[in-house]
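According to the working numbering, the residues represented by the sequence shown are -16 to 108, in order.
From the three backbone atoms N, C-alpha and C, an ideal C-beta is built for every residue, glycine too.
As the structure is a computational prediction, the values presented were derived from the model and not from experiment.
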Amino acid sequence: MSSPSNRLVFVVDDDEAVRESILVLLDAEGIAAQAFASARDFLAGVDLGRAGCLILDVHMPETSGIELLDELRRRGVATPVVVMSGRSDHTMVQAAQRLGATMLAKPPDDEVLINLIETALAAPM
-16 MSSPSNRLVF
-6 VVDDDEAVRE
4 SILVLLDAEG
14 IAAQAFASAR
24 DFLAGVDLGR
34 AGCLILDVHM
44 PETSGIELLD
54 ELRRRGVATP
64 VVVMSGRSDH
74 TMVQAAQRLG
84 ATMLAKPPDD
94 EVLINLIETA
104 LAAPM
């Protein structure tokens, strides 16, 4: 079992400014994180055994956050996921919920995001 101290938050968002702002927020809270610009980069460069929480953008080129989440669930990855979008609709929210994710609007409220992440990191793996 991994302890919260060696688990990471993975941020997958094609918007560099969003990735950086989330990394700064997490760093200020003492939460280790790693960011990726695409689903492909994430899948190629991550050790999912260290995943404490995933933060996924919905609207990304090539593979959306919902498609990535679906693929991870098919692979048996049960890591908690927060899906974010600047423009969501009812269908998207339902898809995220069906796959066990929490949906947040962009930009997320810092306190809400940190609380979701801390809860995920405290959960047993």
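List the DSSP bridge partners of residue i.
| i | result |
| --- | --- |
| L99 | According to DSSP, L99 bridges with nothing at all. |
| L(-9) | A34 |
Would you identify the three-state DSSP class for residue i, choosing helix, strand or coil?
| i | result |
| --- | --- |
| A40 | Checking the displayed sequence, the identity of residue 40 turns out to be Asp instead of Ala. DSSP places D40 in strand when its eight states are reduced to three. |
| A88 | strand |
| G35 | strand |
| S(-14) | Because the pLDDT at S(-14) is just 38, under 50, the model does not fix this residue reliably, and the value given afterwards should be weighed accordingly. Here S(-14) sits in coil by DSSP. |
| A15 | coil |
| V1 | helix |
| V76 | helix |
| D(-4) | coil |
Can you tell me the Cβ-Cβ gap for residue i and residue j, rounded? I've got them flagged as a contact below 8 angstroms.
| i | j | result |
| --- | --- | --- |
| G35 | V65 | 12 angstroms between Cβ atoms; not a contact. |
| T62 | L37 | 6 angstroms |
Nearest to residue i by alpha carbon, out of the options?
| i | options | result |
| --- | --- | --- |
| V(-5) | V41, G13 and D30 | V41 |
| E12 | A106, E101, P107 and P90 | E101 |
| A15 | Q77, S21 and R33 | R33 |
| A20 | D10, I5 and L9 | I5 |
Is the beta carbon of residue i sitting closer than 8 angstroms to the one on residue j?
| i | j | result |
| --- | --- | --- |
| L99 | R(-10) | no |
| E45 | R23 | yes |
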